[in-house]
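Data first, discussion second: the structure below is written as structure tokens.
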Amino acid sequence: MRQRGADTRRHRDSRQTLPTGVDMGVLVQKYGGSSLADTERLSAVASRVAATHHSGAATVVVVSARGGATDELLAQAAAAAGPAFGAQRLRETDQLLATGETASASLLALTLLGLGVPAVSLTGAQAGMSIVGKPGAGIVDRIDVTRIDELLDEGNVVVVTGFQGQNADGDTVTLGRGGSDTSAVALAAALGAERCEIFTDVDGVYSADPTHVPDARKLPFVPAAVMAEMAFAGAKVLHPRAVELATLQGVELHVRTSLGTQEGTVVGEEKDFMTSLETGGAVVAITSDPDVARVLVHARGRSDLAAEVLSILAQHAVPMDLVARSGPNEEEFRMGFTVRRSDVADIGPALDKAIAVHGGEVRIDPDVAKVSLIGMGLLNRPEYVARMTAVLAAAGIATSWVSSSQLRASVTVPADRRVQALCLLHKEFGQTEECADTEQTVAL
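For the sequence shown, full-length UniProt numbering assigns the number 1 to the initial residue and increments by one for each residue that follows.
Structural data, given as structure tokens:
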């Protein structure tokens with residue numbers, strides 16, 4: 001990604017000076033679909049953006065489609081195309097999906113204008129966001145912020161559509177689910193922003209999903225590397241790609257609620273965060289992920305099909321997580337791994353076809369979930385994994401496919417025991433005093 005951050009910051013600091021003598025730089029704010037879901041929330045967001053603008057900050061806002069809009073557009077695309085498939089369908093679907101963010105950006109800009117705040121909305125392409133990769137899974141390659149700079153210099157709030165950009169052919173390409181977070185971080189890096197504020201319907205990052213663990217604790221600070229593990233392991237407050245990009249580009253993230261003024265969570269460079277988190281232990285948070293499927297590949301008469309399996313996943317841009325592999329055996333090949341359940345439709349047929357050629361079979365189990373401990377130094381604390389599996393076993397929750405690293409320890413559990421497992425582990429590792437509804441077996 002080409003950056004112009006340093007030059008941009010110097011230029012803007014010389015222009016943005018408050019009467020008090022305080023210099024204000026660029027501030028990027030991102031608002032998700034739930035924050036823009038109705039007229040009342042849209043007005044609240046506009047008021048917050050207006051206040052930021054009046055404070056003297058050069059303000060860039062990145063928006064998602066309004067709540068439910070993307071799913072509705074996907075359903076319309078599926079109904080219109082029927083059984084059609086292929087590259088052309090993917091292209092047209094991206095053109096359609098991008099309209100959700102375009103509507104949000106225009107509505108917010110219009111609302112700001114109604115408040116007397118100069119505002120201009122831009123699509124990802126108009127904002128100079130160049131994308132590489134296939135439709136629905138684009139990657140930000142570079143950003144030419146010239147037009148944004150010009151609009152900011154004229155005193156405008158710039159509202160940019162998240163989730164999308166333009167490829168070398170001039171087509172709109174979306175970044176996939178969570179892409180608006182990535183758009184915001186990429187723009188913050190390119191503009192040399194002081195920080196990137198991510199506004200959601202929760203007021204920060206918690207030690208567990210507060211929807212399922214009501215007394216989960218809000219974390220005032222989380223190191224970027226730890227947040228990346230949390231996001232990949234199921235924490236939905238930030239998208240994993242956005243956190244990875246923020247880490248690489250040195251962008252500090254502030255996760256806050258759009259529904260109030262309380263402080264949120266800062267995600268940034270590592271500090272002595274065990275003290276700041278006041279956890280009293282190496283475990284910072286417990287996460288759970290329902291979007292998991294277990295894939296088992298078996299073929300007799302072949303010793304190694306791993307390269308072929310991994311190639312198929314790479315072609316479909318599908319990451320694997322927990323991996324189990326049998327030792328070298330000239331007579332058979334066995335490999336298991338977990339993927340997102342939502343990716344099974346993409347890779348299932350391709351794996352079936354490839355392995356059938358070798359007389360093998362592929363079995364997919366969608367009735368699993370993943371629970372994880374997130375912290376520091378977990379690889380050096382084997383007793384943590386032992387405690388993790390022991391407390392779940394005591395509750396009659398079967399575990400399998402254990403994986404451990406310095407920042408994360410994960411196991412798979414039956415999908416209908418996920419919430420119970422989350423609550424038990426949250427209590428076991430000192431994150432809560434009580435564990436309500438531990439008998440609950442309904443998958444939420």
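Cβ coordinates follow ideal geometry from the N, Cα and C atoms, glycine included.
Quiz item: Quick one: Cα of H426 to Cα of A37, how far?
Solution: The count along the sequence shown starts at 1 and reaches residue 426 at position 426. The count along the sequence shown starts at 1 and reaches residue 37 at position 37. Going by the C-alpha atoms only, they are around 32 Å apart.
Quiz item: Taking the alpha carbon of V49 as the point to measure from, which residue in L296, L115, A345 and A98 has its own alpha carbon closest?
Solution: Position 49 of the sequence shown, counted from the first residue, corresponds to residue 49. Residue nearest to V49 within the set L296, L115, A345 and A98 is L115 (criterion: CA-CA distance).
Quiz item: Going straight from the alpha carbon of A193 to that of G204, what length do you get?
Solution: Looking up residue 193 in the sequence shown gives position 193. Looking up residue 204 in the sequence shown gives position 204. Taking C-alpha positions only, A193 is separated from G204 by approximately 21 Å.
Quiz item: Measuring CA to CA, which of D215, V213, P214 and V145 is closest to A184?
Solution: As a working note, residue 184 is residue 184 in the sequence shown. Of the residues D215, V213, P214 and V145, the one whose Cα lies closest to the Cα of A184 is V145.
Practice problem: Check whether the Cβ atoms of I131 and L187 lie closer than 8 Å to each other. | Solution: Within the sequence shown, the letter at position 131 stands for residue 131. Within the sequence shown, the letter at position 187 stands for residue 187. In terms of Cβ geometry, I131 and L187 do not form a close pair [threshold 8 Å].
Quiz item: Of all the options G136, T211 and L73, which has the alpha carbon lying nearest to the alpha carbon of A87?
Solution: Taking the sequence shown and counting its residues from 1, the one referred to as residue 87 is at position 87. The shortest Cα separation from A87 among G136, T211 and L73 belongs to G136.
Quiz item: Which stretch, first to last residue, makes up the beta strand (DSSP E) that contains F333?
Solution: Counted from its first residue, the sequence shown places residue 333 at position 333. Its beta strand (DSSP E) spans residues E332 to V339.
Quiz item: Helix, strand or coil: how does DSSP classify M227 here?
Solution: Along the sequence shown, read from residue 1 onward, the residue named residue 227 stands at position 227. M227 falls in the helix class under three-state DSSP.
Quiz item: Per DSSP, what kind of secondary structure is V309 in: helix, strand or coil?
Solution: Here residue 309 refers to the residue found at position 309 when the sequence shown is read from its first residue. In the structure shown, the three-state DSSP call for V309 is helix.
Self-check item: Collapsed DSSP secondary structure at F232 in the structure displayed
Solution: Locating residue 232 in the sequence shown gives position 232, where the first residue counts as 1. The three-state secondary structure of F232, taken from DSSP, is helix.
Quiz item: Along the chain, where does the alpha helix (DSSP H) that runs through E361 open and close?
Solution: On the sequence shown, position 361 is the one that residue 361 refers to. Secondary structure note for E361: it is in no alpha helix (DSSP H), and the uninterrupted beta strand (DSSP E) holding it is E361 to G375.
Quiz item: For the region 30-73, which segments carrying the beta strand (DSSP E) assignment without a break, of at least 3 residues, lie completely within its bounds, in sequence order?
Solution: Considered as a whole, the region 30-73 harbours 58-63 as its complete beta strand (DSSP E) runs of no fewer than 3 residues, in chain order.
Exercise. Please determine, among V297, S311 and V357, the residue with the shortest C-alpha to C-alpha distance to T338.
Key: Position 338 of the sequence shown, counting from 1, holds the residue named residue 338. T338 has its Cα closest to that of V297, out of V297, S311 and V357.
Exercise. Could you give the DSSP three-state label for L151: helix, strand or coil?
Key: What you label residue 151 is simply residue 151 of the sequence shown in a count that begins at 1. Reduced to three states, the DSSP call for L151 is helix.
Quiz item: Secondary structure at P319, three-state DSSP: helix, strand or coil?
Solution: Taking the first residue of the sequence shown as 1, we reach residue 319 at position 319. For P319, the three-state secondary structure derived from DSSP is coil.
Quiz item: How many whole angstroms separate the CB atoms of P240 and A231, which I take to be in contact at a CB cut-off of 8 Å?
Solution: What you label residue 240 is simply residue 240 of the sequence shown in a count that begins at 1. What you label residue 231 is simply residue 231 of the sequence shown in a count that begins at 1. P240 to A231, Cβ: 4 Å. Contact.
Quiz item: Hey, would you say L191 sits closer than 8 Å to V62, going by beta carbons?
Solution: The residue given as residue 191 occupies position 191 in the sequence shown. The residue given as residue 62 occupies position 62 in the sequence shown. Cβ distance not < 8 Å, so L191 and V62 don't count as in contact.
Exercise. Note the first and the last residue of the continuous alpha helix (DSSP H) segment covering D169.
Key: Position 169 of the sequence shown holds residue 169. Careful: D169 lies outside any alpha helix (DSSP H) and carries neither H nor E.
Quiz item: Where do the N-terminal and C-terminal ends of the alpha helix (DSSP H) with R89 fall, by residue?
Solution: In the sequence shown, the residue the question calls residue 89 occupies position 89. First-last of the alpha helix (DSSP H) with R89: A87 to G114.
Quiz item: What separation, rounded to the nearest whole angstrom, lies between the Cα atoms of M388 and Q262?
Solution: Counted from its first residue, the sequence shown places residue 388 at position 388. Counted from its first residue, the sequence shown places residue 262 at position 262. Spanning the alpha carbons of M388 and Q262 requires a straight line of approximately 34 Å.
Self-check item: Nearest-angstrom beta carbon gap, V391 and L422 [assumed within contact, 8 Å]
Solution: Indexing the sequence shown from 1 puts residue 422 at position 422. Indexing the sequence shown from 1 puts residue 391 at position 391. Cβ atoms of L422 and V391 stay farther apart than 8 Å, at about 12 Å.
Practice problem: Within its chain, find whatever has a CB closer than 7 Å to the CB of L313; leave out the 5 residues flanking it on each side and keep chain order. | Solution: Counting from 1 along the sequence shown, the entry for residue 313 is found at position 313. Only M320 and I347 meet the Cβ criterion.
Practice problem: To the nearest angstrom, report how far apart V157 and F199 are at their CA atoms. | Solution: What you label residue 157 is simply residue 157 of the sequence shown in a count that begins at 1. What you label residue 199 is simply residue 199 of the sequence shown in a count that begins at 1. Straight across, the Cα-Cα distance linking V157 with F199 is about 17 Å.
Quiz item: alpha helix (DSSP H) containing P240: first to last residue?
Solution: As a first step, residue 240 must be located in the sequence shown, where it is residue number 240. Unbroken alpha helix (DSSP H) run through P240: P240 to Q249.
Self-check item: Rounded C-alpha distance that separates D149 from S180
Solution: Translated into positions along the sequence shown, residue 149 becomes position 149. Translated into positions along the sequence shown, residue 180 becomes position 180. Going by the C-alpha atoms only, they are around 20 Å apart.
Practice problem: Taking 8 Å as the threshold, find out whether the region 207-226 comes into contact with the region 357-364 through three or more Cβ pairs. | Solution: By the Cβ rule, the region 207-226 does not count as touching the region 357-364, because fewer than three pairs are nearer than 8 Å.
Quiz prompt | Expected contact under 8 Å - CB spacing of residue 465 and D201 to nearest Å | solution = The chain is shown from 1 up to 444; residue 465 falls before or after that span and cannot be answered.
Quiz item: Where do the ends of the beta strand (DSSP E) carrying R387 lie?
Solution: Numbered from 1 along the sequence shown, position 387 holds the residue referred to as residue 387. Counting along the chain, R387 falls outside any beta strand (DSSP E), though it belongs to the alpha helix (DSSP H) covering P382 to A394.
Self-check item: Nearest-angstrom Cα separation, counted from K353 out to A127
Solution: Numbered from its first residue, the sequence shown carries residue 127 at position 127. Numbered from its first residue, the sequence shown carries residue 353 at position 353. Computed Cα separation, rounded: 42 Å.
Quiz prompt | From G68, Q95 and G67, residue whose alpha carbon lies closest to that of A77 | solution = Here residue 77 refers to the residue found at position 77 when the sequence shown is read from its first residue. When C-alpha distances from A77 are compared across G68, Q95 and G67, the shortest belongs to Q95.
Quiz prompt | beta strand (DSSP E) segment containing E197, residue limits | solution = On the sequence shown, residue 197 is found 197 positions in, with the first residue counted as 1. Counting along the chain, the beta strand (DSSP E) containing E197 begins and ends at R195 to T200.
Quiz item: Three-state secondary structure (DSSP) at S276?
Solution: For the purposes of this step, residue 276 is taken as the residue at position 276 of the sequence shown. Unreliable placement is indicated for S276, whose pLDDT of 42 sits below 50; the coordinate value is still reported in the next sentence. The answer is helix: DSSP assigns S276 an H, G or I state.
Quiz item: Between G260 and E270, what straight-line distance do the alpha-carbon atoms span, to the nearest angstrom?
Solution: Counting from one through the sequence shown, the residue named residue 260 turns up at place 260. Counting from one through the sequence shown, the residue named residue 270 turns up at place 270. For G260 and E270, the distance between alpha carbons rounds to 27 Å.
Quiz item: How would you write the range of the alpha helix (DSSP H) that L425 sits in, first residue to last?
Solution: Here residue 425 corresponds to residue number 425 of the sequence shown, with the count starting at 1. Note, L425: alpha helix (DSSP H), R418 to E428.
Quiz item: Which two residues bound the contiguous beta strand (DSSP E) that contains P349?
Solution: In the sequence shown, counting from the first residue as 1, residue 349 sits at position 349. Taken as a continuous stretch (DSSP letters only), P349 belongs to no beta strand (DSSP E), being part of the alpha helix (DSSP H) at V344 to A356.
Self-check item: Own chain residues within Cβ distance below 8 Å of G377, not counting five before or after
Solution: In the sequence shown, the residue the question calls residue 377 occupies position 377. Within the same chain, G377 has close Cβ partners A282 and Q406.
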